[in-house]
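Engineer:
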Amino acid sequence: MSAPAHPDSTDLDRLHAAVKREKEDLAPESQPAPLWATFLLMLIAIIAGSQLGPMTGGWSFDVSNPFALAGGGDPRPGGAGAGAAMDPFQMAMKKGASGYSVCGGCHQGNGGGLPGQFPPLAGSEYVTGGTERLIRIVQHGLTGPITVKGQGFNTPGGMQAFGGAMSSQDLANVLTFVRNSWGNEGTMITKEMVQKVRDEEKRTTQWTDAGLKPFADKNVPGEIPAGPGATAAAAAPPAAK
Amino acid sequence: MQTSPSTPDTDLQADNLRRAAIDKSVRGPVLFLFTNGAFWLMLSTLLGVLAAIKLVEPEFLGDCQYITYGRLQPAHINALVYGWGVQAALGVMLWIMARRSGQELKSGKSLLITAGVFWNITITVGILAILMGKSTSIEWLEMPKFVWPVLLICFLCFAWPIARMFGRAFRPEGFMVSTWYILGACFWFPWIFITANVALHCLPGLGALGAGIDAWYIHGVILLFFVPVGIGAAYYFIPKITGQPIASAQLASAGFWTLAILGGWTGMQKYMGGPLPAWMSAIGAATGVLLLIPVGLVGLNHHLTTLGKHSAVAASPTLRFVFFGALFYPVSGLILALNSAFWTGAGLQFTQSWYSFQVVSVYGFFSMCVFGAIYYIVPRLSGCEWLSVRLIRNHFWFSVYGVSTIVIMSLVAGWQQGADLNNPEHWDQTFMNHVVNSRAYVVSRAVAWALISFSNFMFLIHLLLMVAGLGRRSSAPTLLHHEHDDHALPAHA
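Those sequence lines, one after another, are chains A and B.
Mapping the first sequence onto my numbering, position 21 (from 1) lands on 21, and the numbers just tick up by one.
If you count the second sequence from 1, you need to add 241 to reach my numbering.
Set out below in structure tokens:
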């Protein structure tokens, strides 16, 4: 608008007082930003970037678990790709391998044992034979002389009982791993089987070889969901969401 | 006092008159928006008190269905966001844009008032509908679905003249610093509002994605509407009052564009680990943290600008509100980052800390900046000065203490709730136990909203007196403190 030539008057002074005392609009300056700010912002970007990566589930529309790696499937029951991820035998082998670290101290990482001290597991008839005897040995321990693969062993103190320290699931995983490693092949041992033995036998002392004779060739009855000698056909993967 | 020696007197007079004319041209719509907004804010804070009390003591005021927590809480938030937030923001946007562009509001004043009236009627109907139990149960969009086209049209009635002023303005160097935030808010709000409403109300069978879209909407409105208006006001008023130019045009530019680029990507991390494709929440989480960059740039710029000028905060009501509002911006950014990152978000998910973010953004940051703007703008529109220093001071301190209490308490409550929910020791407990455990925090929330209610009661009375033209007749501003007063006249002449 065009300003009147003589706008000034006392009244206008008061009316426009607020406007008159205003400071001018100032153009911004170009002060430099401190260097530490740059590093701070880089740090923020790094933290932000770490929210991506595996958390994105491989940018797939089918993966809703931020912790599932691309292609690994969703480990939750019924999750996407559940069929591949949920094979109980593979799962037991994987978990048993890490659980075996408890056993490896004596029986060695290669399952070969130590001659004269600790019997081998690889190719051992005690391992690949009846599941009932194997479960009982680990559950309650074993002492006294024993002959494995033609060699005699009599370790002082014998083997301790692991049943108290491990859950039946952990025990089953380790036994499945032992029965299917280093050339061994055997049926899977499930949590239910271990639990069945636990419920039947509550002894607190270690077994002797002689005491286990009745169980030498006995298998604990139960479903074998997967792996060698599976009784049930592999469960159909749940319908993909 | 702003006379620079080189400017001839007549030019200055012309400039003063031009600005006075601009103020006069936007007077009606801006005062209408501020006054109605202040009424809604009053109502919203009262509903906030009531909702918090009902959460602790469900029998309070009887078991009438209209005032159950489930209806009061959405009514409280909707009144805060649409009744107060958007209206006050539009008023500030209109005034700042008119002043920055040097354009008067030429025509369509009656259209703006009409749109404002429709906006208020629609919100009234919508909030009554929530209290009657007709809520859509979509967070921040609880009002029945017929309201959104009306609100959208009303908003566009205001956004159009603001964008037009920008288009016609002479744009000198540095013009953009506060203006682009205002202009951005004009375009971003309709975009977010249309997208969310069309998706949630018109597309069938969204399923879980609907919840994600809603979370995106809430973050969009906060980050691309409330935050830009708050920053725009801060960038305008801080140099205006301190007389100190914005420290860095480059930082301002970077801060704006990073916000513009990142603001629309976040929100879905609210459902991290939930039934949405993982990448959606991963992007939301990454962006929620990345948003600390625009926060840091703006914060740094304000810090460099006000360095050594903090004494003015004691004197000027506008600067005090804007300054503390601007301080809450980094706080809101940090809370958003905490809620967003997988690391901490897994604990804070679905807890009160999300309420903390909403309150710190909408009240702590946005509203404080807007209060500052209102304390500056209204004397220019009503032709009189603020009546009482005490009312302003009480408004400020009760607001600051109230909002800080809510934010801190909700954050701590969220941390505790999340830790309890994730703790295997608590997995056999009923959910009710967790609700009972957080009672103490909700009590503090009720007290804090009561403080804020009190502060806004004083603000409302003060504003109404000003709008009625009953303010002080003086040519000196109402200042909070006289030590740093460089005016010849004492404030209470």
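Cβ coordinates follow ideal geometry from the N, Cα and C atoms, glycine included.
Any beta-carbon of chain A closer than 9 Å to the one on residue 649 of chain B?
Structural biologist: Residue 649 of chain B does not count as touching chain A.
Engineer: Consider the Cβ of residue 82 of chain A: report whether some Cβ of chain B lies at a distance smaller than 9 Å.
Structural biologist: Residue placement at residue 82 of chain A is poorly supported in this model, since its pLDDT is 48, which falls under 50; the coordinates still yield a value, given next. Closer than 9 Å: no.
Engineer: Chain B beta carbons: is any one of them nearer than 9 Å to that of residue 52 of chain A?
Structural biologist: By this cut-off, residue 52 of chain A is an interface position.
Engineer: Show which residues of chain B have a CB atom less than 8 Å away from the CB atom of residue 56 of chain A.
Structural biologist: Under the 8 Å cutoff, chain B gives 519, 520, 523 and 524.
Engineer: Residue 243 of chain A by DSSP, collapsed to three states: which one?
Structural biologist: Lying before the first or after the last residue shown, residue 243 of chain A is absent from chain A, which here runs from 1 to 241.
Engineer: Output the distance between the C-alpha atoms of residue 653 of chain B and residue 594 of chain B, rounded to the nearest integer angstrom.
Structural biologist: Computed Cα separation, rounded: 7 Å.
Engineer: Please return the same chain residues whose Cβ sits closer than 8 Å to the Cβ of residue 559 of chain B, not counting the five positions on each side in sequence.
Structural biologist: The answer, listed in chain order, is 478, 482, 613, 614, 616 and 617.
Engineer: With distance defined between alpha-carbon atoms, name the residue in A:229, A:103, A:146 and A:122 nearest to residue 165 of chain A.
Structural biologist: For residue 165 of chain A, the nearest C-alpha among the options comes from A:103.
Engineer: Under 9 Å between the Cβ atoms of residue 598 of chain B and residue 577 of chain B?
Structural biologist: The answer is yes: Cβ separation under 9 Å.
Engineer: From residue 112 of chain A to residue 151 of chain A, what does the alpha carbon distance come to, in whole angstroms?
Structural biologist: Going from the Cα of residue 112 of chain A to the Cα of residue 151 of chain A covers about 13 Å.
Engineer: Quick one: grab the DSSP three-state call for residue 312 of chain B.
Structural biologist: Here residue 312 of chain B sits in helix by DSSP.
Engineer: Identify every residue that forms a DSSP beta bridge with residue 340 of chain B.
Structural biologist: Paired residues: none, contrary to the question.
Engineer: By the criterion of Cβ-Cβ separation under 8 Å, what are the contact partners of residue 418 of chain B in chain A?
Structural biologist: Residues of chain A passing the Cβ test: 28.
Engineer: Residues in its own chain within less than 6 Å of residue 447 of chain B by CB, not counting five upstream and five downstream?
Structural biologist: Here the set comprises nothing.
Engineer: Cα separation between residue 683 of chain B and residue 297 of chain B?
Structural biologist: So the alpha carbons of these two residues sit roughly 7 Å apart.
Engineer: Judging by CA-CA distance, which residue of B:583, B:545 and B:695 is the nearest neighbour of residue 34 of chain A?
Structural biologist: The residue with the shortest Cα to Cα distance from residue 34 of chain A is B:545.
Engineer: Only counting the same chain, and skipping five residues up and downstream in sequence, which positions put a Cβ closer than 6 Å to that of residue 278 of chain B?
Structural biologist: Cβ within range, chain order: 325, 328 and 329.
Engineer: Would the C-beta of residue 195 of chain A count as close to the ligand NAD, meaning under 8 Å from any of its heavy atoms?
Structural biologist: Of ligands this structure carries none, so the ligand NAD is not represented either.
Engineer: Out of A:21, A:216, A:121 and A:57, point me to the one whose CA is closest to residue 177 of chain A's CA.
Structural biologist: Nearest option by C-alpha distance: A:121.
Engineer: Determine which residues of the segment 210-228 of chain A have a Cβ less than 8 Å from any Cβ of chain B, and write them out in chain order.
Structural biologist: For the segment 210-228 of chain A, which is checked against every Cβ of chain B, not one residue is closer than 8 Å.
Engineer: Residues in the same chain with beta-carbon distance under 7 Å from residue 588 of chain B, minus the five sequence neighbours each way, listed in chain order, please.
Structural biologist: If we look at residue 588 of chain B and ignore the five residues flanking it on each side, its Cβ neighbours are 656, 659, 660 and 663.
Engineer: Identify, in the order they occur along the chain, each residue of the same chain with its Cβ nearer than 6 Å to the Cβ of residue 251 of chain A, setting aside the five sequence neighbours on each side.
Structural biologist: Nothing about residue 251 of chain A can be read from this structure; chain A reaches only from 1 to 241.
Engineer: In whole angstroms, give me the CA-to-CA distance for residue 569 of chain B and residue 23 of chain A.
Structural biologist: Rounded to whole angstroms, residue 569 of chain B to residue 23 of chain A spans 26 Å at the Cα level.
Engineer: Do we get a CB-CB distance below 9 Å when we pair residue 370 of chain B with the residues of chain E?
Structural biologist: Absent here is chain E; the protein component of the structure consists of chains A and B.
Engineer: In three-state terms, what does DSSP make of residue 290 of chain B?
Structural biologist: Correct three-state label for residue 290 of chain B: helix.
Engineer: Can you find the residues in the same chain that come closer than 7 Å, C-beta to C-beta, to residue 737 of chain B, ignoring five residues on each side of it along the sequence?
Structural biologist: Here chain B covers residues 242 to 734 and nothing more, so residue 737 of chain B does not appear.
Engineer: Do you know how far the Cα of residue 275 of chain B is from the Cα of residue 300 of chain B?
Structural biologist: Each residue's Cα considered, the two are about 35 Å apart.
Engineer: Restricting to Cα atoms, I'd like to know which of B:284, B:302 and B:333 is closest to residue 319 of chain B.
Structural biologist: The shortest C-alpha separation from residue 319 of chain B is found at B:284.
Engineer: What did DSSP end up calling residue 736 of chain B once you bin it into helix, strand or coil?
Structural biologist: Chain B is shown only over 242 to 734; residue 736 of chain B falls outside these bounds and no answer can be derived.
Engineer: List the residues of chain A whose Cβ lies closer than 7 Å to the Cβ of residue 530 of chain B, in chain order.
Structural biologist: Near residue 530 of chain B (Cβ distances below 7 Å), the residues of chain A are 44, 47, 48 and 51.
Engineer: In this structure, what does DSSP give as the bridge partners for residue 159 of chain A?
Structural biologist: Its beta-bridge partners are A:142.
Engineer: Look at the alpha carbon of residue 54 of chain A and the alpha carbon of residue 60 of chain A, and state the distance between them as a whole number of angstroms.
Structural biologist: Distance between the alpha carbons of residue 54 of chain A and residue 60 of chain A is about 11 Å.
Engineer: So which of B:572, B:518, B:484 and B:554 has the shortest CA-CA distance to residue 722 of chain B?
Structural biologist: Closest by alpha carbon: B:554.
Engineer: So what does residue 118 of chain A bridge to, in DSSP terms?
Structural biologist: BP columns for residue 118 of chain A point to A:114.
Engineer: To the nearest angstrom, how far is it from the Cα of residue 316 of chain B to the Cα of residue 711 of chain B?
Structural biologist: Answer to the nearest angstrom: the Cα atoms are 33 Å apart.
Engineer: Please report the straight-line C-alpha distance between residue 431 of chain B and residue 670 of chain B, rounded to a whole angstrom.
Structural biologist: The straight-line gap from Cα to Cα measures roughly 44 Å.
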